[in-house]
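Chemist: Those letters in the sequence shown? Residues 17 to 267, per the numbering used here, in order.
Have a look at this one.
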Amino acid sequence: MEAWYQYPLLIGVGFVVGFINTIAGGASLISLPVLIFLGLPPAVANGTNRVAIVVQNTMGVMGFKSKGVSTFPFNAYLGVSALVGAILGAYLAVDIKGDTFNRILAIIMVAVVLIIIFSPGIKLDKLHERISGKHLWLGIVGFFFIGIYGGFINAGIGFIIILFLHYVNHLTLVRANATKVAVVLMYTLAALAVFVFNDKVIWEVGLVLAIGNGLGAWVSSRVSVNRGDGFIKTFLIIMVVAMAIKLWFFN
17 MEAWYQYPLL
27 IGVGFVVGFI
37 NTIAGGASLI
47 SLPVLIFLGL
57 PPAVANGTNR
67 VAIVVQNTMG
77 VMGFKSKGVS
87 TFPFNAYLGV
97 SALVGAILGA
107 YLAVDIKGDT
117 FNRILAIIMV
127 AVVLIIIFSP
137 GIKLDKLHER
147 ISGKHLWLGI
157 VGFFFIGIYG
167 GFINAGIGFI
177 IILFLHYVNH
187 LTLVRANATK
197 VAVVLMYTLA
207 ALAVFVFNDK
217 VIWEVGLVLA
227 IGNGLGAWVS
237 SRVSVNRGDG
247 FIKTFLIIMV
257 VAMAIKLWFF
267 N
């Protein structure tokens, strides 16, 4: 990097992105434009961002585990399935371009917030996790396709993962978040390998961004456990609306 101010800028952006991604999702829509603004081609920005995501989710897993929240081995089954999908998605993303994709993603974000608001609530005292049998297989199949999207661009995937785990597998939002960071860590390692193989990663930039992402993820994982499901739901709605507006009006 040529200018000194780029280092604190990346760390600050990374902290915000790591915090948002761990508690909700969609914050790669912040980091990717910043990386492109700093002169990285879109495909290189996409690949370089994966370095920070790996560190971010490693810290997130550690943060949730320090609070006693883990869904192993369920998260491992989903992670392996998503990893296979992510390899396919990352190969598609090597020559990624942008505009139409952003509009489609904006529509998806609006659909997500409508589901959050209008879906019938699941009472926590009646929430029995469904992480075995047919619901485990539903998760494995679903996360293969989630992995394809995650390998492709990853932005906004946290919303989809949380909703899937909450309404299909009946995880609380806190446990869904803990599962999400573990699964994203697994498939991002595979996607990163594809980008590295295709020479689409600038390590210096990715590692500086990763400092902020990791710190933000550690703080966020512990805050989300302490504040509980209500806080996460409110935060999700705010972030989905913000990301949809950004995508639709500010491409």
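Cβ coordinates follow ideal geometry from the N, Cα and C atoms, glycine included.
#1: Tell whether a beta-carbon distance below 9 Å holds between VAL212 and GLY105.
#2: Suppose you measure from the CA of ALA192 to the CA of ILE177; what does that come to, to the nearest Å?
#3: What are the boundary residues of the alpha helix (DSSP H) that TRP153 is part of?
#4: Tell me where the alpha helix (DSSP H) around HIS182 begins and ends.
#5: Report the rounded CA-to-CA distance for ALA92 versus ALA68, giving the unit in angstroms.
#6: Near LYS216, which residues of its chain fall below 6 Å by C-beta distance, leaving aside the five closest residues on each side in sequence?
#7: Return the residue from the list TYR21, ASN73, LEU54, PRO49 that minimises the CA-CA distance to ASN229.
#8: Tell me the rounded alpha-carbon separation between LEU187 and ILE261.
#9: Leaving out five residues before and five after LEU223 in sequence, what residues of the same chain have Cβ atoms less than 7 Å from its Cβ?
#10: By a C-beta neighbour count over all protein chains shown, 10 Å radius and 16 as the cutoff for buried, is HIS182 buried or exposed?
#11: Going by beta-carbon coordinates alone, are GLY42 and GLY232 separated by less than 9 Å?
#12: Going by alpha carbons, who is nearest to GLY79 out of LEU45, ILE39, LEU56, VAL32?
#13: Once you ignore the five residues that flank GLY166 on each side, which residues in its own chain have a CB closer than 6 Å to its CB?
#14: Let me know if ALA198 comes out buried or exposed under the rule of 16 or more other beta-carbons within 10 Å of its beta-carbon.
#15: Applying the criterion that 16 or more other CB atoms from any shown protein chain within 10 Å of the CB defines a buried residue, is SER44 buried or exposed?
#16: Using DSSP with H/G/I as helix, E/B as strand and the rest coil, what is THR250?
#17: Would the beta-carbon of VAL184 fall within 9 Å of that of GLY155?
#18: Just tell me which of GLU145, LEU56, LEU179, GLY95 has its CA closest to the CA of GLY163.
#19: Let me confirm a value: ALA19 is counted as buried when at least 16 other C-beta atoms fall within 10 Å, else exposed. Which label applies?
#20: What is the residue span of the alpha helix (DSSP H) that THR64 lies within?
#21: Does the Cβ of GLY246 have 16 or more other Cβ atoms within 10 Å, making it buried, or fewer, making it exposed?
#22: Please report how far the alpha carbon of PHE161 lies from the alpha carbon of LYS83, in whole angstroms.
#23: When you compare only the Cα positions, how much space is there between GLY76 and LEU51?
#24: Rounded to the nearest angstrom, what separates PHE31 and VAL257 at their Cα positions?
Modeler: Let me spell this out:
#1: no
#2: 8 Å
#3: Element bounds for TRP153: 149-168.
#4: 173-183
#5: CA-CA distance, ALA92 to ALA68, rounds to 21 Å.
#6: Excluding sequence positions up to five before and after LYS216, its CB lies within less than 6 Å of the CB of ALA59, VAL60, GLY63, all in the same chain and listed in chain order.
#7: It is ASN73.
#8: 29 Å
#9: VAL67
#10: buried
#11: In this structure, the beta-carbon distance from GLY42 to GLY232 does not fall below 9 Å.
#12: With respect to the C-alpha of GLY79, the residue from LEU45, ILE39, LEU56, VAL32 having the closest C-alpha is ILE39.
#13: Taken in chain order, the residues that qualify are ALA102, ILE173, TYR203.
#14: buried
#15: buried
#16: The three-state secondary structure of THR250, taken from DSSP, is helix.
#17: The criterion of a C-beta distance shorter than 9 Å is satisfied by VAL184 and GLY155.
#18: GLY95
#19: Answer is exposed; the Cβ neighbour count stays below 16.
#20: 58-82
#21: exposed
#22: 30 Å
#23: Taking the Cα positions, GLY76 is about 22 Å away from LEU51.
#24: When only Cα atoms are considered, PHE31 and VAL257 end up about 21 Å apart.
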